[in-house]
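Have a look at the structure below before the remarks.
Residue numbers (this note's numbering), protein chains in the order written: chain E, 684 to 1074; chain D, 2 to 146.
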């Protein structure tokens, strides 16, 4: 059945090539500005990835007006203000962010202040509060998970009030996403697995979500197929160009999918677990994914049955229910393979979550904004047994 | 053409309804738990109403433009009116900028299940308080499942 309404909007240009991050002249010429400010973090810088891009820019005749490398593990409000001030004073005309989700989100939020001025929280937190296009923003992801290079969202942590603020706006969509497998070569196996499971969770939650449309489904399905094909290889061999490329493309496609159809209870549980026990987002998603699918089972059975096929399972002769169960088994098979590589924990007990903390996770998941988009109406008491199983 | 001709009339209708919601424990208890202060900024006609859930009782304050609100929801009076019939797809309204939400959106989304019972209360409230002319449910056919 078709949805009553959906919108699809993604103006971000995507380029993919092994090594393309050092050869961006054709794309940047179209954007039409000369002076870029780089936002990244110290890890990426120490790996030489910032210099690699900056050298390519210089060779092509573009000016790097400055760099901000102090992005925290969570994109933080204070970072954003400092970064925006530096960008402004450097005389830049646009931003290039090189990094994972925190770097990209810091750059997105900094671009609001750089382009519009004002107070980030007072004037812009919320949904679609911007009224003008922002300055050009080019994103070069160094992880393959968040999909932030193609989403209209930035999540920024407010240290003072200890809460995550969401900025949702079409004008936050970057102008250009540069997918270069080489930029992810140095991502360690554990982070490769965790960010890969994050991408898979984006895709699966987008596929079965309440806001899914035929167009978001196409991106979700493409992403799922790529993750199934490439994640284990990318985790085993970080310099496998094909696997790294596949994962980068998967994360981007999953980002496009969930940016339109949202995510549900799996992300809700992961957000709560991350907030309470500092479990990395991708790891928490990887742990909760099969259990969240089970929680939603009755509401999403039909789509899960199709998902089994998408994940390469043979469903001939199976009932819808059996095929749907096979999709969950396929997810477990994948995370099991990653676990065998010592790259992904499978249980909450393995990542420092205390057994008496499970109720707080259920409560946090209910309070998370994603609960609104979950296919099954969320109930704390009904969700808790699934979290207990994940323990 | 807007359904409500004057801010006074809209204030009577929507303000009265908010007071009813604030006096309905099934909904009010959950709103109070949120401790949120929300300002609704309506246009065509222009009206601001604050719902203050920071105390022991939910307070409805029409024309309050001073109180610092955690969340500010801007929309036309027609969208607001249709919303309380349960006829507005929130995602669609936000996407098309028919509603603009400033502040922590997850906290707003979290309240939606709590206010669900209000959708059934609104047409009844209109009929019982002399506002029958604004009850559009008779003409509305919900999409079939």
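Glycine included, every Cβ here is placed at the ideal spot set by N, Cα and C.
Which partner residues does residue i have in the DSSP bridge list?
i	result
residue 753(E)	724(E)
residue 75(D)	42(D) and 101(D)
residue 823(E)	781(E)
residue 850(E)	809(E) and 837(E)
residue 1066(E)	None, per the DSSP bridge assignment.
residue 699(E)	862(E)
residue 718(E)	746(E)
residue 1031(E)	For residue 1031(E), which the question treats as bridged, DSSP gives no partner whatsoever.
residue 52(D)	39(D) and 61(D)
residue 759(E)	840(E)
Grab me the residues of residue i's own chain with a C-beta within less than 8 Å of its C-beta, minus the 5 sequence neighbours each way, in chain order.
i	result
residue 146(D)	Confidence is the limiting factor: at residue 146(D) the pLDDT is only 46, short of 50, which leaves the residue's position unreliable and the question unanswerable from this model.
residue 950(E)	884, 888, 968, 1051 and 1053
residue 120(D)	85, 86 and 87
residue 691(E)	896, 898, 899 and 943
residue 686(E)	894, 895 and 896
residue 77(D)	3, 43, 44, 45 and 99
residue 1040(E)	959 and 960
residue 1019(E)	1029
Identify, in the order they occur along the chain, each residue of the same chain with its Cβ nearer than 7 Å to the Cβ of residue i, setting aside the five sequence neighbours on each side.
i	result
residue 80(D)	89, 94, 99 and 100
residue 1042(E)	1067
residue 67(D)	none
residue 868(E)	921, 922 and 927
residue 708(E)	743
residue 770(E)	720, 778, 793 and 797
residue 137(D)	86
residue 17(D)	130
residue 702(E)	863 and 865
residue 1073(E)	970, 971, 974, 1030 and 1031
residue 766(E)	722, 751, 789 and 793
For a contact defined as C-beta to C-beta under 7 Å, what are the partners of residue i on chain D?
i	result
residue 1027(E)	Result: empty, since nearest Cβ-Cβ is about 27 Å, beyond 7 Å.
residue 812(E)	101 and 103
residue 688(E)	90 and 93
Quick one: residues in its chain with C-beta nearer than 6 Å to the C-beta of residue i, no 5 flanking neighbours on either side, listed in chain order?
i	result
residue 12(D)	48 and 63
residue 1059(E)	979 and 982
residue 822(E)	780, 787, 832, 857 and 860
residue 841(E)	760 and 848
residue 1045(E)	1063, 1066, 1067 and 1070
residue 1014(E)	972 and 973
residue 813(E)	852 and 854
residue 904(E)	993
residue 878(E)	826, 827, 828 and 965
Going along chain D, which residues have a C-beta under 9 Å from residue i?
i	result
residue 851(E)	95, 102 and 106
residue 808(E)	103, 104, 105 and 106
Going along chain E in order, which residues have a C-beta closer than 7 Å to the C-beta of residue i?
i	result
residue 110(D)	1052 and 1055
residue 1(D)	Because chain D here runs from 2 to 146, residue 1(D) falls outside it and cannot be looked at.
Whose Cβ in chain D lies nearer than 8 Å to the Cβ of residue i?
i	result
residue 846(E)	105
residue 894(E)	92
At 8 Å on the CB atoms, spell out the chain E contacts of residue i, in chain order.
i	result
residue 113(D)	1055
Is residue i close to the ligand COA? I mean its beta-carbon at under 6 Å from any heavy atom of the ligand.
i	result
residue 801(E)	What this structure holds is no ligand at all, so the ligand COA is not there to describe.
How about the stretch 744-753 of chain E and the stretch 795-809 of chain E: do they share at least three Cβ pairs that are nearer than 8 Å? These segments do not touch.
Taking 8 Å as the threshold, find out whether the stretch 808-820 of chain E comes into contact with the stretch 914-929 of chain E through three or more Cβ pairs. Two segments are said to touch when three or more pairs of C-beta atoms, one from each, lie closer than 8 Å; by this definition the stretch 808-820 of chain E does not touch the stretch 914-929 of chain E.
Pairs of beta-carbons, one from the stretch 711-727 of chain E and one from the stretch 764-779 of chain E, closer than 8 Å: are there three or more? At 8 Å Cβ cutoff, the stretches touch.
Contiguous alpha helix (DSSP H) assignments of at least 4 residues, all confined to the stretch 919-996 of chain E: Those alpha helix (DSSP H) runs which fall completely within the stretch 919-996 of chain E and span 4+ residues are 924-944, 948-960, 964-978 and 980-993.
For a minimum of 3 consecutive residues, which ranges assigned as the beta strand (DSSP E) are wholly contained in the stretch 2-39 of chain D? Counting only runs of 3+ residues, no beta strand (DSSP E) is found wholly inside the stretch 2-39 of chain D.
Any chance the stretch 1017-1035 of chain E sits against the stretch 935-948 of chain E, with 3 or more Cβ pairs inside 8 Å? No: fewer than three Cβ pairs fall under 8 Å.
The stretch 21-37 of chain D contacting the stretch 54-61 of chain D, beta-carbon criterion three pairs below 8 Å: Verdict: yes, contact present.
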